[in-house]
Amino acid sequence: MSVTLQTAPFDPGALLTRFSADREETGAIASFTGLARAEGGQTTTLELEAYEGFTDLEITRAVDAAIHRFGLQDALVVHRIGPIAPGEAIVFVACAAAHRRAAFEACDQLMDWLKSRAPFWKKEHGPDGSRWIEPTDRDRTDAARWDTENEQ
Amino acid sequence: MSVTLQTAPFDPGALLTRFSADREETGAIASFTGLARAEGGQTTTLELEAYEGFTDLEITRAVDAAIHRFGLQDALVVHRIGPIAPGEAIVFVACAAAHRRAAFEACDQLMDWLKSRAPFWKKEHGPDGSRWIEPTDRDRTDAARWDTENEQ
Amino acid sequence: MARVLLFGRFADIAGWREKTVDAASLSALRAALSVDPRLAEALDGPSVQVAVDKALVRADVALTQASEVAFLPPMSGG
Amino acid sequence: MARVLLFGRFADIAGWREKTVDAASLSALRAALSVDPRLAEALDGPSVQVAVDKALVRADVALTQASEVAFLPPMSGG
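Here the protein sequences come in this chain order: L, P, Z and A.
Sequential numbering from 1 applies to the first sequence in this note's numbering.
Sequential numbering from 1001 applies to the second sequence in this note's numbering.
Sequential numbering from 2001 applies to the third sequence in this note's numbering.
Sequential numbering from 3001 applies to the fourth sequence in this note's numbering.
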C-alpha cells in the first residue's frame, strides 16, 4: 500500500506499469486517473493545497479502510499538490484484487471519498480571476453511497 | 475508439500513458486490467480463442454502445488471444469522460460484458490437464445489472 | 461447398478446426457433419450459436461455395 | 505560544499562512486571532475544522509552546 502527495507531474501509465508487475494471483486492477480540465479556457491553472502530515495520514486511513472493506490485495494513491495545468493528472488510484467487483468498487469508493472528504483545498485560476472550489452536491451524494451504519 | 485483439503480451501502463495524453477536457479515465492468475500453480497457461473478424466486430459494437450510453469521450479495449502465462495481462479497458461516474460505469459495464458475453473460448491448462471455462453465475448476474428494456 | 470453422471444445471433439464440406444449406451441412455423432450431438447442444459469413443465424440458410460457417460453443468471455 | 497554520481561503482572508501566537488554550488563541474580525468570522463558520498537532479537536484544549494549530476550511476534495 502506498500513498504519495507530490508537486511534480506524474505519468499515470508509469504508475500502472509498476503496480501491475509481478502479480501472479491478482486477477483485477481497477485504476482511476483524474485530469485537470481546461473548461474551454476558463481554467488556466488548478491549485491544490494539502496539510502535509495530516492529509496524507487521512488518505492512508481511507485506503486502509478500503483494503479491509473490499478485501484488496494492494492499493496505490498518488495525488498532486501545488499548481496543475490543464491535461495534467491530479490523482491516480489503483486497486488490486483477486476479482474485478472488489477492485472496481474499492477504486470507485476511494475516488468518491477523495473528491468530497479528503483534506485538500482547491483553487481555480482563470482569465476572470481565482475562486476556491468546494465539493459539488453530486460529490457528496456519491460519497454517501458508501456510508454504512458501522462507519461515520 | 480502438479495439485490438493480439497474441503478443502488452503493458497496460504503456496503453494508459498513450490513452491519457493530450486530453484537455477529459476529467476522468477509468481503466481495468485483467491479469491471468496462477491459482497457486493450478493454472500454468490460459488459452484464449477468438473468431477474428467476428469477435473484434462484436467488441466494437459493445464499445460503441457504451460510448453512447454513458456519454464517453473515448474508449480503448486491448484483448490478448492465444496462450497467456500467469501474471500477464489478458485485457485492458480504458474509458475517458468529462466526469468520473460515467467513466467508472462504462468501464465496469464493458468488463461485465466482456467477461460473460464476448465471443471468446477459454481453456485453462494445469498440472491436472486442461478444461474449457464458461462464465460463472456471478459473471452472468453482473452483466445482467446493465440490461435495460431497450436492449437485448 | 462451404468452409466450416469449429471453435472451443467443438474443435477438440471433432479433431479438426477447419474443413471444406459440400452442402447447399445449413441443414444439409449439419446432416453431413453427423457422420461424427459426438460432434453432431455437441453442435445440437444448448447455447450453441451458428454464424454464416460472420453474422449469427437462427434459421436454415442457403450456402454457396464462398460461405463461411462457424459453430460457436457457449462463450467463455474474456 | 502556538504555531498557527491557515489553509485555503483562511490564508487569503488573513494575508498570512503561518504565525506564532501567544495563547495557553484554543479558546485563548481564537480570542487573540479576533483582532482580525474578518478572519474571526471565517474561523467561526460552518464546517470549519480545527486540528491540534494534526488531530481534529472539537472542544477547547490546552496549548503548549510546541503546539501546532491548523484551521481547516470546508474541504474541497482532490
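We put the beta carbon where it would ideally sit given N, CA and C, even for glycine.
Taking 9 Å as the cut-off between beta carbons, the residues of the stretch 1004-1019 of chain P near chain L are Asp1011, Pro1012, Gly1013, Ala1014, Leu1015, Leu1016, Thr1017, Arg1018 and Phe1019, in sequence order. Between Gly82/L and Leu35/L, the C-beta gap is not smaller than 8 Å, which leaves the two residues out of contact. Ser2067/Z counts as buried, since no fewer than 16 other beta carbons sit within 10 angstroms of its beta carbon. Chain P places a beta carbon closer than 8 Å to that of Ser31/L, counting this residue as a contact. Nearest CB-CB separation between Lys3054/A and chain L: below the 8 Å threshold. For Ala3059/A, not one C-beta of chain L is nearer than 8 Å to its own C-beta. In the structure shown, Gln3049/A adopts extended strand secondary structure according to DSSP, grouped into three states.
Counting along the chain, Asp2012/Z sits inside the alpha helix (DSSP H) bounded by residues Arg2009 to Ala2014.
Shown here for Pro9/L: same chain residues with a beta carbon closer than 6 Å to its own, the five before and five after excluded, namely Glu88 in chain order. Of the candidates Ile67/L, Glu124/L and Leu57/L, Glu124/L places its Cα closest to the Cα of Thr45/L.
Taking 8 Å as the threshold, the shortest C-beta distance from Leu2072/Z to chain P falls below it.
Residues Thr3020, Asp3022 and Gln3065 of the same chain have their beta carbon placed closer than 7 Å to that of Met3001/A, with the five preceding and five following residues left out of the count. Using a CB distance below 8 Å, no part of the stretch 2019-2035 of chain Z faces chain P. Within the stretch 66-86 of chain L, those residues whose Cβ lies closer than 9 Å to any Cβ of chain P are, in chain order, Pro86.
For Leu1035/P, the nearest CB of chain L lies under 8 Å from its own CB, placing it at the interface with that chain. Secondary structure at Ser2034/Z: coil, using DSSP grouped into helix, strand and coil. The residues Gly126 and Pro127, in chain order, have a CB closer than 8 Å to that of Gly41/L in the same chain once the five nearest residues on each side in sequence are set aside. For Cys1095/P, the pairing in a beta bridge is given by DSSP as Ala1030/P and Ala1075/P.
With three or more CB-CB distances shorter than 8 Å, the stretch 1010-1028 of chain P counts as touching the stretch 4-21 of chain L. Between the stretch 88-106 of chain L and the stretch 72-79 of chain L there are three or more C-beta pairs closer than 8 Å, enough to call the two in contact.
Rounded to the nearest whole angstrom, the C-alpha separation of Lys115/L and Pro1086/P is 35 Å.
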